[in-house]
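A short worksheet on the structure shown next.
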Amino acid sequence: MSTYPTEPLKCWNKAKELREKFYEDYATAKDKGGLRWMGSAWAFDAVPRGLGKDVYTITGEPYGASCAFNRPLSAEFLKATENYGFARDLCSYMRNYWGSILVNKYAFGGEHPKPDFAWTQHICCSHGKWYQNACELEGGDVPLYVVDVGAGAYPPFEPIYEHRIKYVADQLLDGIEWLEKVTGRTFDDELFLEAVWNDVRSTSKWAEICMLNRAVPVPLDEKSIYALYVFGTLEKSNGEFADFYDELYDEVEDRVARGISAVGNEKLRWMSDTQPPWGFLNTYRYMELWGAVSIGSLYTYGLTGIWLYDDKTHDLLPRPLPPEKPGTREEGCTMLADWHLSKPQYQHFYSPKYKIEMMDAIAKNWKVDGIILHYNRGCEGLSIGIAESRLGLIDKGHKVMTYEGNMGDASEFDETATLKRIDIFLETLGLQKPVMGLHEPVVRHEETLRQ
Amino acid sequence: MAIEKFQEWYENRHEYQRDWKERTGGKIVGYFCTYVPEEIFYAFDVLPVRILGSHQMQDVTEPHLFGMFCPFCRDVLAQGLKGKYDYLDGIMIAQSCIQLRQAYSSWEINKNPGWSHYLPMPNHVQSPRAVPFLLGEYEILIKKLEDLTGKKITDSDLQRGIEIMNNARRVMKEIYEFRKQESPPITGVESMYMACSQFFTDAREWLPVAEEVKKELQTRKLDRDPGKRLLLVGSENDEIEFIEMVETLGERESVGATVVVEEHCTTTRYFWDEVKDSASDPLTAIAERYVARVPCPTKDWPERTRLKQISQLAKDFNVDGAIVIQQKFCDPHETDIPFVRKHLEDNEIPTYFLEFDVTTAVGPFAIRVEAFLETLEAEADLF
Amino acid sequence: MIVSGIDCGAKNTKTVIMNNGEVIGKGSVLTGFDQQEAVHGSLDIALKSAGLAQGDIEKFAGTGSGMKSVDVADCMVNDIKAMAKAANYFYPKCRTVTDVGAEEGRAVKIDENGAVVDFAINEKCAAGAGAFIEAMCRALELSIEEIGPLALTSDKTIPMNAQCAIFAESEVVGLIHAKTEVKDISKSIHDAMASRIVSMIRRLGVNEDVAMLGGVGKNPGFVEAMRRELKLEHIFIPDEPEFGPALGAAIVASEEA
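Chains as they are written, first to last, in the numbering used here: chain A, 1 to 451; chain B, 1001 to 1383; chain C, 2001 to 2257.
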C-alpha cells in the first residue's frame, strides 16, 4: 500500500558502470603501462593523481565491503587470514583484504592485482598496520607511505591549531617526494591541484545531496545510498565521480520537487550508525516492508561528505567550499589537510561527545523517529564510543536499539536474532508487523544481490 | 629487604597516593598510556600516576564500553566508575590505541574528573614531522597544567622533570642487568612489582628504595632453580598471578622457569629509553624521546622496528624461549603477532602463544606452559 | 473471556489458560525436536487442568523462540512484550524485569502500563544464559536442583572469567583439581552469571522494582547472586516464574480480542 509515488533512480545504471570500470581499470592498469596503488578510502587520493593520468587505485574499505557482500568468497578469504595466524576480532575489511592476497583472488574476477606502492593514512589503530601487513603479504617489495591524521578534533569541537594542519600538510609534501622516488615519475602539480579541487567539490556535493534527504518523503533510502556514497570512498579526487555527484544532485533535487519517495509506504524514518552488515542488506528491505525507511546516517553522510557542526543552531551543514582553488603545491597540501581533518567521521576518535551532538543534529533535522546502532565487531574505529553514543542519544530523548554484528564477517551476524530485535523495536515505535500469515516476510540476500 | 617495598606499593597504590596528597598537599593526575610525558608533570610538581586495572570481574562498564574492546580498557574504566580514584585531581591520555582512549573518554564523561586532557600523540613517529607537531601539543598541555596549578614553569623545571624520570629509568635498566645472570637474583614477579610501583608512586620517593635494592641484589642469592629463561612479549600485562605460576612451576613439576625480560608496555617499553641531550632545549628533548622510544604497535609503521628490540632483548638476556601474550581483543598487537612469532622463530627462539583476559585461568595455563617448557627441555637434550 | 498463551521455548513449552484475568490452567512439557507436538502436549495438560476443551479457548497467543510452531495462535507476541505484560500483571510497581532462558538472557524496562520502554538481550559469547548453568552442573556432577541451594552455603568469593562460557568451564575444572569446595565453586558460577545479567540490566538503568521471570527464578543461588549484584533488598519473583512469558502472551491475547 503506497502512500507516496516512487521511481527508480535514472542514474542507477550509470553508477553501476562507473563502479565496474573503476575495478577493471585497477586490474588492467599494468597492461597500459600505468601505475596502481592500494590504500585506505580515506587516503589522500588526490596526491597520487599528480603522478599521471594513468594511475589507478583500489581502496581497502570498499574492497572489503565488496568481498563481504559475496559471502562464500568472503568466507574463503577470512579462513585464509585466520590460518595465517591473524586473530578473528581484527577489522574484518582488513581480514578480507589480506585473504584476497593470500588466496590470490580479485573479488571482481581473476587474480589479485599486485600494486606498485601503498599510499594510505592512519586514524584508527589498524590503518597503518593494514598496509604494512599487506605489503609483507605481497612479497615484501611494495613500498609503503602512511600519512598520520590523528591530529586532534576540528572546530567547533576543538580550536584550530596551525601546527596540526601543518603536520598533515608537511607529511603530504614529504609524501610527494617519496612518490617521485619510488615511481621514478616527476610529479605534475597541475594534475595534482585539479585532483585536490575534485576532492573538495565531490565531498561538498555529496553533503548537499544528503541535505535533500531532509524532505518527507525521503528521496533516497540508505540501502540505495550505499551504492552511491561509495564513489567518495573509492576516489574522492576522481573527476568523473565528482561530475557524477553533480548529476545525482540534480536528479535527487528533482525527486524532492516532485515528491518522489524512495519507499512508497514510508511511515517511519530511522537512522543507522557504522557500516551495515554487508552480507545482510536484506534487513533494510525487511524494514521497508514495515514502512520503516533509513534516511541515512552520520556514516553515509560523513564518510564521503564534508560537513561542519554548527553549535549555535545545533545543525549539521555542508562545509562551504573554500573561496579559491589552490594555486601551488603547498596550498594544495594545506587545503587537503584542513579539509580532511574536518571530516565528521574523524571527530569521535577524540570523544564520543562530538559524535552524539552530530547524530542528534541529524536525528532532529532529518526528522528521525528511531535510531538503530550496529555494534559492529568488525570495525573498532567507527565503533569507538558507541555505548556512550547510545546513552547520550537516549538522554536526548531518542528511541535507540542496538544489535551486534560484523560488517565483513558473516559468521558474527545472527540474522534471525537481529530480525527478531527489529520486530520488537519497530513495534515499540508503533508500527505493525506486515501481515503475511504466520510466516516471516523473508527477503533473501540473493534478491538484493540482483539489484 | 627493600625489594619487598615494591610489592607493598603495588598492592596499596591507592593508600599511597591518598597519603601522598595529604602529606604534600600536591595534585595527582592519573594517566592512561605510557606516551604521557611525565617529565612535564614533575616539572609542575604534579604527581603523574598510571592507572591499571585490578584484575577483578566487574559489571559496571557494559553500558559504557562495547564488550568487544579489550578487557584491560574495561578493567581500567571500572576503577574509575567504582570510585577507586576519586581522589585524583584530573586524568590524561596520550593517544595510542583506540581501546584505552575509550576508558579515558567514558571516565571523563561519567566521572567529571575536574581536569582532563587528551594529547594527540603523533602516530607517524618515523617521520621528521612528528617532533615539531608534538611540541605544538606540549605547548597546549603546558597551558592546561598552568590552569591546574596556577604556576608557570621554566626550562630548569623541565630539566628537573627529565632528571627525575631518567634516574628512575636508569636504575630500572641497571636492575634488569642482574636478570642477565645465570641465576638471576630478582624474579620476573619482583621485576614487575618494581616497574609498576614506579609509576604508582612519586619517582623521587621510589628512587632511594630502588637504589637500595640495586645494592641488595649484588649479594642476593635466591634459593630456587632458575629453570628455563623466558621472554614475555605483550601489550599491557601486569599479570602477576601468571608470572608467579610460571616461576613456581619448578617447585611442582620437573621443569621450571624464570621470566628474565619482557617486551611490553608495563615494563621495558615504558622505561627503556631516556631523554637525551636536553641541555639547550629540554622540551624538544622530551618530545624526541617520546617519538623515538620503542613504539607501541599502533605507531610502528612503515618499518616494524619493534622486532629488532624483541630479538635484541632475547639475545642480551639469553632466553631459552618466549611466551607471546595476547590481550584478548588487542588489535594493535594482533596485527603484529604473526610477524613477531616468525621473527622469533627465525632467530631460533621457540615461542608459545597465549590469549589473556582480565582474570588468569591459572590451571589451564599451567598445563600449557609446562608443556612448552618440556619442549624446550627436549630441544636442549638434543645437544 | 477465556484466552491462552503458549511459550514454545528452547527447552520447555509452557501453556497458561486465563479467564477474565485469572489463571485457570497450566501445562509444561519438554520441547524436544518436534516443537508442534510439544505445543499440543503442553496445551492438552493445561486444558485438562482447567477442565476445558480446545474449542473453549477464544483466543490463542504464541511466544518464545519456537513461536512459529504455535499453529493454533491467533497472534504472535515477542518475548520482550510477553515478559513486560507478565511482570506488570504480577507486580504493577515493577519497572525492570529480567528473564534468563536456556539460550538468552533478557532485560526489559517497562512503564506503569507494562509497555516496553527499552530492552536488552545478551550478546554473543556471554555466560548469561541458562545453558551455562547446565554445563556447569555437568562439570560438577550436580543436578540443576542441587546446584542453586548449594551456592547459598558458601561465603567465599572466587572470581571467575565470565566473558566466555567455554573459558569458564575450563576454569571450573581447574578449581576442582585445586580441591576447591564444590559449594564455593557453585557460588562462583552463580556470581559470574549474575554479573553478566546485571551488566546487561545496567544498560537500561536499574529501575526498581525488579522482577524476575523464567525458570532461573527457582534457582535460589542465582536469585541471591542477582540480589547482591544489584544491591537490592528484594527481587520480585512470582510462584512458578517459568510460566511468566506464557501468561504475558495470554494477556496480550485478551487485549487484542
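For each residue, glycine too, the CB sits at the ideal point set by N, CA and C.
Partners in chain B for residue i, counting only beta-carbon separations shorter than 8 Å
i: Gly2174(C); result: Ala1361, Val1362, Gly1363 and Pro1364
i: Leu391(A); result: Pro1063 and His1064
Burial state of residue i, where buried means 16 or more other Cβ atoms lie within 10 Å
i: Thr233(A); result: buried
i: Pro72(A); result: exposed
i: His1117(B); result: buried
i: Asp2155(C); result: exposed
i: Phe2033(C); result: exposed
i: Ile356(A); result: buried
i: Arg2138(C); result: exposed
i: Arg1023(B); result: exposed
i: Gly327(A); result: exposed
i: Met2001(C); result: exposed
i: Glu1004(B); result: exposed
Partner residues on chain A for residue i, Cβ-Cβ distance less than 8 Å
i: Glu1334(B); result: Phe86, Ala87, Asp89 and Leu90
Residue i - DSSP class collapsed to helix/strand/coil
i: Pro1364(B); result: helix
i: Ala80(A); result: helix
i: Glu1374(B); result: helix
i: Phe2236(C); result: strand
i: Leu144(A); result: strand
i: Asp1320(B); result: coil
i: Gly85(A); result: coil
i: Tyr154(A); result: coil
i: Ala2010(C); result: coil
i: Ile2024(C); result: strand
i: Ala2126(C); result: Annotation note: pLDDT 49 at Ala2126(C) (below 50); position unreliable, no value reported.
i: Val103(A); result: helix
i: Lys364(A); result: helix
i: Gly2055(C); result: helix
i: Pro1120(B); result: coil
i: Lys119(A); result: It should be pointed out that residue 119(A) corresponds to Trp in this sequence rather than to Lys. Residue state, collapsed to three classes: strand.
i: Asn2113(C); result: coil
i: Gly39(A); result: strand
i: Gln171(A); result: helix
i: Ala46(A); result: coil
Closest by C-alpha distance to residue i, when choosing among the options
i: Ser294(A); options: Asp338(A), Glu324(A), Ile372(A) and Pro277(A); result: Ile372(A)
i: Val2100(C); options: Arg2227(C), Gly2214(C), Val2252(C) and Leu2230(C); result: Gly2214(C)
i: Phe187(A); options: Asp243(A), Ile176(A) and Phe280(A); result: Ile176(A)
i: Gly1234(B); options: Ser1106(B), Glu1345(B), Glu1244(B) and Ile1325(B); result: Ile1325(B)
i: Leu2232(C); options: Thr2015(C), Ser2069(C), Val2198(C) and Tyr2091(C); result: Val2198(C)
i: Gly184(A); options: Pro217(A), Pro143(A) and Gly152(A); result: Pro143(A)
i: Glu1244(B); options: Thr1219(B), Tyr1193(B), Thr1149(B) and Gly1026(B); result: Tyr1193(B)
i: Ala41(A); options: Leu35(A), Lys30(A) and Tyr131(A); result: Tyr131(A)
i: Pro1184(B); options: Phe1271(B), Arg1204(B), Tyr1042(B) and Leu1222(B); result: Leu1222(B)
9 Å Cβ cut-off: residues of chain A touching residue i
i: Gly1321(B); result: Neighbours of Gly1321(B) on chain A: none; closest Cβ ~18 Å, over 9 Å.
i: Pro1048(B); result: Going along chain A, no residue has its Cβ under 9 Å from Pro1048(B), so there is no contact; the nearest lies around 21 Å.
Chain-ordered neighbours of residue i on chain C, where CB pairs are closer than 8 Å
i: Asp423(A); result: Asn2078
Listed by chain order, chain C residues near residue i by CB distance under 9 Å
i: Thr428(A); result: Ile2080, Lys2081, Ala2115, Val2116, Val2117, Asp2118 and Phe2119
Rounded Cβ spacing between residue i and residue j (contact assumed at less than 8 Å)
i: Glu1377(B); j: Val1255(B); result: 5 Å
i: Thr1360(B); j: Glu1239(B); result: 6 Å
i: Gly2174(C); j: Val1125(B); result: Wrong, their Cβ atoms sit about 42 Å apart, outside the cutoff.
i: Asp1320(B); j: Lys1228(B); result: 4 Å
i: Phe44(A); j: Leu336(A); result: 5 Å
Listed by chain order, chain C residues near residue i by CB distance under 7 Å
i: Gln1056(B); result: Pro2159
i: Lys420(A); result: Asn2078
Contact list for residue i against chain B, beta-carbon separation under 9 Å
i: Lys353(A); result: Ser1105, Glu1108 and Ile1109
i: Ala2178(C); result: Val1362 and Gly1363
Contacts that residue i makes with chain B (C-beta to C-beta distance below 7 Å)
i: Asn133(A); result: Thr1335
i: His374(A); result: Within chain B, no residue comes near His374(A); the closest Cβ sits about 11 Å away, beyond 7 Å.
Contact set between residue i and chain A, taken where Cβ atoms lie within less than 7 Å
i: Gln1102(B); result: Ile384 and Gly385
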